[in-house]
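Read through the structure below, which is laid out as structure tokens, and then see the notes.
Number of protein chains: 2
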Amino acid sequence: MSSIMPPLAHRLDGLRSSAIRDLLKLTARGDIISLAGGLPDEQLMPRDRIARAAEAALADRSRLQYTESAGWGPLRAVLAARESARLDRSVPVEEVFVTHGSQQALSLLAEVLVDPGALVVVEDPAYVGALQVFRAAGARVVGVPLDAEGMRIDALVELIDRGERPALVHTVSSFHNPRGVTMSADRRRALAELAERHGFWVVEDDPYGDLWFDGSAPAPVASYSPTVIRLSSASKILAPSLRVGWMVAPDAVCRGVELLKQGADLCGSALTQQIAADLLADAGWLTAHVDKVRRIYGERAAALVGALRDRLGHRLVSTDAAGGMFVWADFTDGTDTADLLPRAIDHGVAYVPGSAFAVTRPYRHSLRMCFTTADTATLCEAVGRLASVVGE
Amino acid sequence: MSSIMPPLAHRLDGLRSSAIRDLLKLTARGDIISLAGGLPDEQLMPRDRIARAAEAALADRSRLQYTESAGWGPLRAVLAARESARLDRSVPVEEVFVTHGSQQALSLLAEVLVDPGALVVVEDPAYVGALQVFRAAGARVVGVPLDAEGMRIDALVELIDRGERPALVHTVSSFHNPRGVTMSADRRRALAELAERHGFWVVEDDPYGDLWFDGSAPAPVASYSPTVIRLSSASKILAPSLRVGWMVAPDAVCRGVELLKQGADLCGSALTQQIAADLLADAGWLTAHVDKVRRIYGERAAALVGALRDRLGHRLVSTDAAGGMFVWADFTDGTDTADLLPRAIDHGVAYVPGSAFAVTRPYRHSLRMCFTTADTATLCEAVGRLASVVGE
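Heads up: the sequence lines are chains A and B, in that order. Quick note: the first sequence, position 50, residue 50 per my numbering, numbers continuous. Count along the second sequence starting at 1, add 392, and that's the number in my numbering.
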């Protein structure tokens, strides 16, 4: 027999691997301090508590069976209570849908809410996983810039005034990836009002909201309107391998996502969903655990930002890192961060160039640094290496 | 603020919930013996062995972290060895891709291999999860009938001779869901030859291959050609909540699926993937475990088929149930199984009417019965109730 391969679908033609993922592979060398990643610190994940929860979950054989597409009932109930407190309204269980990480919620929502050719507005620079999903859904993706108060709502209004009609606006409202900033309360309210006035969906993607260092982020955009769909996740506060994300959305949206999830993967894991439910319902333990993660990430963020200002303050400006996992910096001396990267790697330090997150603007002088997985001394050493490359 | 909801995407217009899932919800009443399900028996799932594996997996904190999109490396290695033995050739790890159940493999493959408007051939009656996925991908879906030797390859040839050019042919080659039959060795070879000659993909969906009762199924279709992509799963032999399915496919296909999986859900769970790897690599234990499942399912299948022939043999013909989870029967007396269902439920027995699996033919006199989750006495009682409804 011949070994000629039948063709692949045309929709693959434009797709390429995420720049961040490819970079991560390059920087796995032990002698490189990588600030290029985007992983939570596995040393801070509650391994022993998860082990206890796993043992408890396995006491019931029905945790080994298929579960509901919308998620294991008791987890949805725990999440409904949690989100009711967060949103300051009573969230019914029917409006909570558990997904395989919040990336799956994004991916299924793109299919449920976006027709091919429809306009989707994202923040610029953007979360790459959102860009990829909306482009794959055939959307026309337009970026709106961010400043220190988050998405520039004035730029969104200008876009609408020009006659553009978004089907959906995506925002990482708190401790933005990659831009580090948090949307102000006034802008949150304004965004929700615009959505209602002009009939578009907002997807508020909030994996980092619990990781505040000095004070929590303002009330979610979703607290202002039911047309704002809120996504969150256990990956950053508990463990990514539970693969538990969730969304809060109107019933019609949840039912659309349910139909698509049946085709996508039938259902999630009742086993890891019970583990997540157990930990998220253990209020005293959870508070102490998340407080510890906040404190350690906060120290690391402060060390990174401090070192950047000490060593490179004359050449760049960086965000304050009030929460989340990332610091964003812009070189003011014309340094091109994509050009710099190979030399930085030679000097034993890696980051993600701003261009990897670019939608409309190029972000040629910007970079994203992740502070979660290195201790403060290592972060200072990383900045020292970066300073020596730039100073060459 | 108003509460007017923005519109949902048009692609939802034609979608509806799976008839089987809706039925399952109706027949959860305790007084109904439901043969309508399609679940493995959770009493036979290796709970204690999974608990030991979970404990071992959690000894390493990195099992809590994100993992590779293609699957946790050591699981892929275990699967490569397993599939090398099955396919009688050396399967490299790069050609093994772990998915969130084999449903996710189907769903991602539909996007990687099928352009909108392309022809996809499925078996008629069809696995509903495949139908749903190919229709959602915009394929033109055509059914080819099955007989006691599986897919009617002569009907496929006739289709091709009429000038039709399939992009993909989907088959549940062993112990078909819903039809119960297994494709003969001659037809497997013929299907692979046709795929190579006419340049189409075959997706061989094989979740039931290990569940044979008297003798194993013939060598996989995939053993005859690399243009045959093989899907399998741990759900039916270990536990669905591990959410571990996998595919064996050429490298270019795996890389396409990898790009799409990054957008779909980033990655699977390193925790449940290590549990699956542990159990699948424990050869002695696995053989004893699967032997036990085979023996018990075999007894149940024989009881169901025996009772059908005893009580209803003058009115219907049923498959032999040589493996898998389902018996298919056709009424020969004109009974309409969709019309009969409400009365059957009134008499305390449920099944899935053939029409739920119909692609081209209506299957109005057919029904699918699942024998995995009831003991032999209960199965006989179910047939007794069915006989009393039919006899009314």
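All C-beta atoms in this analysis are idealised placements derived from N, C-alpha and C, irrespective of residue type, glycine included. Computed from a predicted structure; not experimentally measured.
Can you round the beta-carbon distance between B/THR563 and B/VAL613 to whole angstroms, since I take them to be within the 8 angstroms contact cut? Residue numbering aside, residue 563 of chain B sits at position 171 when the second sequence is read from its first letter. Residue numbering aside, residue 613 of chain B sits at position 221 when the second sequence is read from its first letter. B/THR563 to B/VAL613, Cβ: 7 angstroms. Contact.
Taking the Cβ atom as the reference point for each residue, do B/SER379 and B/LEU479 lie within a distance shorter than 7 angstroms? Chain B is shown from 393 up to 784; residue 379 of chain B falls before or after that span and cannot be answered.
Name the chain A residues whose beta carbon is nearer than 8 angstroms to that of B/ALA391? The requested residue 391 of chain B does not occur in the structure, where chain B is confined to residues 393 to 784.
For the beta strand (DSSP E) containing A/ASP147, name the first residue and the last one. Mapped onto the first sequence, residue 147 of chain A falls at position 147. Start and end: 140-147.
Any contact between the stretch 327-341 of chain A and the stretch 304-316 of chain A? By contact I mean 3 or more CB pairs, one from each, below 8 angstroms. yes
Shortest alpha-carbon distance to B/LEU436 belongs to which of B/VAL682, B/ILE667, B/LEU505? What you label residue 436 of chain B is simply residue 44 of the second sequence in a count that begins at 1. Closest option to B/LEU436, Cα to Cα, is B/VAL682.
Since A/GLY268 is in the alpha helix (DSSP H), which residue starts that stretch and which ends it? On the first sequence, position 268 is the one that residue 268 of chain A refers to. No alpha helix (DSSP H) contains A/GLY268, which DSSP labels as neither H nor E.
Proximal residues, the stretch 62-78 of chain A versus chain B, C-beta separation under 9 angstroms: SER62, ARG63, LEU64, GLN65, TYR66, THR67, SER69
Alpha helix (DSSP H) runs contained entirely in the stretch 718-754 of chain B, provided each spans 4 or more residues: 729-738
With distances taken Cα to Cα, identify the nearest neighbour of B/SER454 among A/ALA54, A/PRO40, A/LEU79. On the second sequence, residue 454 of chain B is found 62 positions in, with the first residue counted as 1. Taking only the C-alpha atoms, the option nearest B/SER454 is A/PRO40.
Bounding residues of the alpha helix (DSSP H) (the contiguous stretch that carries B/TRP677): Numbered from its first residue, the second sequence carries residue 677 of chain B at position 285. Where B/TRP677 is concerned, the enclosing alpha helix (DSSP H) stretches over 675-704.
Are any of the Cβ atoms in chain B nearer than 7 angstroms to that of A/GLY274? Position 274 of the first sequence, counted from the first residue, corresponds to residue 274 of chain A. For clarity, residue 274 of chain A is Gln in the given sequence; the question names Gly instead. For A/GLN274, the answer is no, since every Cβ of chain B falls outside 7 angstroms of its Cβ.
With a 10 Å radius around its C-beta and 16 neighbouring C-beta atoms as the bar for buried, classify B/ARG481 as buried or exposed. Numbered from its first residue, the second sequence carries residue 481 of chain B at position 89. It is exposed - the Cβ of B/ARG481 has fewer than 16 other Cβ atoms within 10 Å.
In the DSSP assignment, what residue or residues form a beta bridge with A/TRP212? Within the first sequence, residue 212 of chain A is the residue found at index 212, counting from 1. A/GLY323, per the DSSP bridge assignment.
Along the alpha helix (DSSP H) that carries B/HIS757, what are the first and last residues, could you check? As a working note, residue 757 of chain B is residue 365 in the second sequence. Segment: none, B/HIS757 is in no alpha helix (DSSP H) and carries neither H nor E.
Reduced DSSP category for B/GLY591 - H, G, I as helix; E, B as strand; rest coil: Against the second sequence, residue 591 of chain B aligns to sequence position 199. In this structure, B/GLY591 counts as coil in the three-state DSSP scheme.
Within chain A, the residues that B/MET717 reaches when beta carbons sit closer than 9 angstroms: Translated into the one-based positions of the second sequence, residue 717 of chain B becomes position 325. None at all; the shortest Cβ gap to chain A is about 13 angstroms.
Between the Cα of A/ASP147 and the Cα atoms of A/PHE134, A/ALA137, A/PHE175, A/GLU164, which residue gives the shortest distance? The residue labelled residue 147 of chain A in the question sits at position 147 within the first sequence. A/ASP147 has its Cα closest to that of A/PHE175, out of A/PHE134, A/ALA137, A/PHE175, A/GLU164.
Could you tell me whether the stretch 626-636 of chain B touches the stretch 659-678 of chain B, where touching means 3 or more Cβ pairs closer than 8 angstroms? yes
Rounded to whole angstroms, what's the CA-CA distance from B/GLN654 to B/SER461? Just pull it up for me. Translated into the one-based positions of the second sequence, residue 654 of chain B becomes position 262. Translated into the one-based positions of the second sequence, residue 461 of chain B becomes position 69. Straight-line Cα distance between these residues: approximately 6 angstroms.
In chain order, which continuous runs of the alpha helix (DSSP H) of length 4 or greater are located wholly inside the stretch 606-665 of chain B? 643-657
Quick one: list the residues of chain B neighbouring A/PHE200, beta-carbon separation under 7 angstroms, in chain order. Locating residue 200 of chain A in the first sequence gives position 200, counting from the first residue. Within 7 angstroms Cβ-Cβ: PRO398.
Need the endpoints of the alpha helix (DSSP H) that A/PRO74 sits in, please. Counted from its first residue, the first sequence places residue 74 of chain A at position 74. Where A/PRO74 is concerned, the enclosing alpha helix (DSSP H) stretches over 73-87.
Does the beta-carbon of A/ALA85 have 16 or more other beta-carbons within 10 angstroms, so that it is buried, or is it exposed? As a first step, residue 85 of chain A must be located in the first sequence, where it is residue number 85. With fewer than 16 Cβ atoms within 10 Å of its Cβ, A/ALA85 is classed as exposed.
Could you confirm whether any beta carbon from chain A is found closer than 7 angstroms to the beta carbon of B/MET543? The residue labelled residue 543 of chain B in the question sits at position 151 within the second sequence. Not one chain A Cβ lies under 7 angstroms of B/MET543.
Which one or two residues does DSSP pair with A/GLY150 in a beta bridge? As a position in the first sequence, residue 150 of chain A is number 150, starting the count at 1. A/ASP147.
Helix, strand or coil at A/GLU123 [DSSP, three-state]: In the first sequence, counting from the first residue as 1, residue 123 of chain A sits at position 123. A/GLU123 falls in the strand class under three-state DSSP.
Taking the alpha carbon of A/PHE371 as the point to measure from, which residue in A/ALA301, A/ASP346, A/GLY334 has its own alpha carbon closest? Sequence index remark: in the first sequence, residue 371 of chain A carries index 371 (1-based). Answer by Cα proximity: A/ALA301.
Residues of chain A with CB closer than 7 angstroms to the CB of B/LEU551, please, in chain order. Taking the second sequence and counting its residues from 1, one reaches residue 551 of chain B at position 159. The premise fails here: B/LEU551 is roughly 17 angstroms from chain A at the closest Cβ pair, so nothing lies under 7 angstroms.
For the alpha helix (DSSP H) holding B/VAL504, just list the boundary residues, first then last. By 1-based counting over the second sequence, the position of residue 504 of chain B is 112. Run containing B/VAL504: 494-505, per the alpha helix (DSSP H) assignment.
Segment limits, alpha helix (DSSP H) that includes B/LEU560: As a first step, residue 560 of chain B must be located in the second sequence, where it is residue number 168. Not the alpha helix (DSSP H): B/LEU560 falls in the beta strand (DSSP E), residues 558-563.
Does the Cβ-Cβ distance between A/SER355 and A/ALA338 come in under 7 angstroms? Taking the first sequence and counting its residues from 1, one reaches residue 355 of chain A at position 355. Taking the first sequence and counting its residues from 1, one reaches residue 338 of chain A at position 338. A contact, by the Cβ cut-off of 7 angstroms.
Quick check on B/SER608 - is its C-beta less than 7 angstroms from some C-beta in chain A? By 1-based counting over the second sequence, the position of residue 608 of chain B is 216. Judged by the 7 angstroms Cβ criterion, B/SER608 is not in contact with chain A.
Applying the criterion that 16 or more other CB atoms from any shown protein chain within 10 Å of the CB defines a buried residue, is B/HIS402 buried or exposed? Along the second sequence, read from residue 1 onward, the residue named residue 402 of chain B stands at position 10. By the 10 Å Cβ count, B/HIS402 comes out exposed.
Considering only C-alpha positions, which residue in the set B/ASP578, B/VAL520, B/VAL533 is nearest to B/ASN785? Nothing can be reported for residue 785 of chain B, as the shown portion of chain B is limited to 393 through 784.
Give the single residue among B/GLY535, B/PHE526, B/LEU456, B/GLN495 whose Cα lies nearest to the Cα of B/THR792. Coverage of chain B is limited to positions 393 through 784, which leaves residue 792 of chain B absent and any answer about it impossible.
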